[in-house]
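One structure is given here, and the rest of the page talks about it.
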Amino acid sequence: MSFRVDLAVVSEQKQFCRFGLTVHNLSDQDIHNWSLTFVIDRFISPDSVTNAALSQVGSFCTLEPNNTHLKANAHFYCEFSITTAPLRFYTDGIKDAFIQFNNSNARHPVVVTPIVLASPYKERTHITPVDAATLNIIPKPNQYEIYDGQYTLSNDSQITLQASGAEEAANWLQQELSSLFDFKMKPIGKGDILYRTNPTLDEGEYQLIVDRFGVRLEAGSASGFVHASATLLQALTRCAEPNQLTIPYLKIVDSPRFKYRGMMLDCSRHFHPVERVKRLINNLAHYKFNTFHWHLTDDEGWRIEIKAFPELTQVGSTRSVDSPLVPQFSTISEEYSGFYSQAEIKQVVAYAEQRGITIIPEIDVPGHCRAAIKSLPHLLVDDEDHSQYRSIQNYNDNVLSPALPGTYLFLDKVLEEVAELFPSKWVHIGADEVPSGVWEESQKCQALMQEHGYSDTKELQGHLLRYAEKKLRSLGKRMVGWEEAQHGDKVSKDTVIYSWLSEEAALKCAKQGFDVILQPGQYTYLDMAQDYAPEEPGVDWANVIPLEHAYRYEPLAELDDQDPIKKRVLGIQCALWCEIVNNQQRMDYMIFPRLTAIAEACWTQNTQRNWEDYLSRLKGHLSLLNKQGINYRSPWK
Ligand code: TNX
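Positions 623 to 1259 (our numbering) are the ones given, in order, by the sequence shown.
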């Protein structure tokens, strides 16, 4: 059997779009009692649908036609509305679909044509061609000089360790030399690449000196040695002769602008296997990031093994038509599943540590908890809660109740195991996007509010988060959370706030005395499209983020550098949300080269940053991305 579905925008206003959907029966058989299942990110107003009834859970939609008979070579047409900003990209359309018949479980594939957009963007960004720089280091070192002459590494080259804490960095250098340049070295011994402790250098700082005696990497910290190694790797050029690499004579004296330089990866919406996660962590080390924020739980999947509650991964890591978690986003006719065992997590933590990267785990509560709730209904569902709400991602059953004892038992056990698994001082508790309307029709929640004299349901969120904060403190951890963590005004100023909706939120929190990490969607969200072309994968609710826009990000730019509020900014983080990212190719494409632009905002002093200069270094740097088989978006395409 052969089916096709077309979706077209039939009318478009600022926050209202009407769509026409056509199902073609291209087969030579009539079909009866059929339904169409498809995936779209936005919420279809159920009452707006003509000729059919529609149900939607998250992005998963099932359409039951009023007339259940569709003739061979005929089509079915319906319309519906979405109160949404106009769609601009093909990835905004239907991502996957199948047809099913009432009398059978078989799912029939459907060809989905690209959405017919009403007003695709016309503009395109253009980047002027440039020549490669002589030294193509990203992020740009804060101080350096290049001299005449060059040193050659060869078969005779060997690493000398005169340092404590440099061994991991030295091993990493060797691995990378081998994989990037096919350059093999003798085991660590006594030779021309010297790692030497320099106690005058602070955390992360390093010096790299190349002269006729060889290469010297100096640091006072393990992370400093990793950064020195990363710089060395980018400064090397392969020679025509086998197993030879050259590097100009130079002296680099470098230190990070921000203490915190992070990237977040969403592993819930789509699961990224351990190898993919490691590959990203290795990339991060090349650009002197020091934090990997691991988004491990969300509505669409629980991805971390918790021994106290095996259900969380037995149930919560799998989406399928027949499971408590229905399919979302892609591959909807098959089962979709994945989680990290505790053994794997330990492996990844160690892998990151070797590369100077701390992993901050995120357990997102109390919103974004659908996978947990479906896994542990006996603990997490309040049967008498009749509140009506719909989350941004279209769920009406994804928020923990602050009035259930089970919620606290769940939090205790999960946080205990998480605290044990991750050496990081910080644990991220989420706290984002709790929908309005939640808890309002729950007697238990109302009683809890009365007991504590709360007048706003937001205080219930604060109540729960204050509990989590104390729990984490008792486990020796500091709680960090999204900007909504301070809603309800209950958590202490120890909580680090990650702002994401806007810069203003960060400023407001910093003024209140919170330390902040800036992750503004408008500049640092790597799921945003990279250009205005409709075929660019991505979304644009925060912005379209071309490379130059990402490069020009400057945190709290309107404040004077001397403004004391700026001291509250611990750093910058970029994020890859993965609703539309389910394979390595797409992941690379969304991340590169914007990651390198953000790396520079994290590391390089503002006075040293320059777009044209960055471009010329990027140009020369692309060959290193090619060597790694990274599917980056070509800046000059
Ligand atoms: C907002 S940023 C979210 C995520 C989505 C993302 C998509 C934040 C704390 N929440 O749940 O995946 O937008 O861009």
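Note that CB positions come from ideal geometry on N, CA and C, so glycine has one too.
Remember, it's a predicted structure, so these values are computed and weren't measured experimentally.
Per DSSP, K873 lies in no alpha helix (DSSP H); the unbroken beta strand (DSSP E) holding it starts and ends at 867-876.
Apart from sequence neighbours up to five positions away, the residues of its chain that approach Y1175 with a beta-carbon distance below 6 Å are Y1145, A1223, ordered along the chain. Following the DSSP letters along the chain, one finds E927 in no alpha helix (DSSP H), marked with neither H nor E. Between H917 and D650, the alpha-carbon positions lie close to 47 Å from each other. For S890, no beta strand (DSSP E) encloses it, and the DSSP letter there is neither H nor E. Residue state for E1073 is assigned as helix, using DSSP reduced to three classes. When DSSP reads this structure, D628 sits in a beta bridge with T644. In this structure, the ligand TNX has no non-hydrogen atom nearer than 6 Å to the beta-carbon of D824. Its chain contains G1052, A1053, D1054, Y1120, W1122 as the residues whose beta carbon lies nearer than 7 Å to that of W1104, once the 5 sequence neighbours on both sides are disregarded; these appear in chain order. Relative to the non-hydrogen atoms of the ligand TNX, the Cβ of W1122 comes within a distance shorter than 6 Å of at least one. For the 7 Å CB-CB criterion, N1020 and C991 form a contact.
Of the candidates N724, V632, T659, V632 places its Cα closest to the Cα of A740. Three or more Cβ pairs drawn from the stretch 1213-1230 and the stretch 1184-1200 lie within less than 8 Å of each other, which places the two stretches in contact. No heavy atom of the ligand TNX is found nearer than 6 Å to the CB of W916.
With a cutoff of 6 Å, D1149 counts as near the ligand TNX, since its C-beta is closer than that to a heavy atom of the ligand. Rounded to whole angstroms, the separation of the alpha carbons of L629 and K1099 is 49 Å. Sixteen is the threshold: since fewer than 16 other Cβ atoms of the shown chains lie within 10 Å of the Cβ of H1000, the residue is exposed. At the C-beta level, Y1017 and D921 come within 7 Å of one another. Relative to the Cα of I869, the nearest Cα in the group F847, V837, M886 belongs to V837. Beyond the five residues adjoining it in sequence on each side, W1258 comes within less than 7 Å, by CB distance, of I749, P751 in the same chain, given in chain order. Shortest gap from the CB of W656 to any heavy atom of the ligand TNX: 6 Å or more. Within the stretch 718-742, no complete alpha helix (DSSP H) segment of 4 residues or longer occurs. DSSP places H1000 in the helix class (H, G or I) of the three-state scheme. Measuring C-alpha to C-alpha distances from K762 to each of P1177, D1210, Y1173, I967 identifies Y1173 as the nearest. Closest by C-alpha distance to A852, out of I979, P1027, P983, A1090, is I979.
Check the Cα spacing between P1215 and each of D1183, T706, T782, I1252: the tightest is with I1252.
For the 7 Å CB-CB criterion, A788 and Y817 form a contact.
In terms of Cβ geometry, A719 and V734 form a close pair [threshold 7 Å]. The Cβ-Cβ distance between G813 and T774 does not fall below 7 Å. Excluding residues up to 5 positions away in sequence, I1187 lie with their Cβ nearer than 7 Å to the Cβ of K1133 in the same chain. Of the residues K636, T919, F665, the one whose Cα lies closest to the Cα of Q1015 is F665.
C-alpha of R883 to C-alpha of P983: approximately 15 Å in a straight line.
In the structure shown, V1138 adopts extended strand secondary structure according to DSSP, grouped into three states.
When the alpha-carbon of T919 is set against those of L934, L692, V875, the nearest one is in L934.
Just so you know, the alpha carbons of A696 and M623 end up roughly 13 Å apart.
Collapsing the DSSP output to three states places W1233 in a helix.
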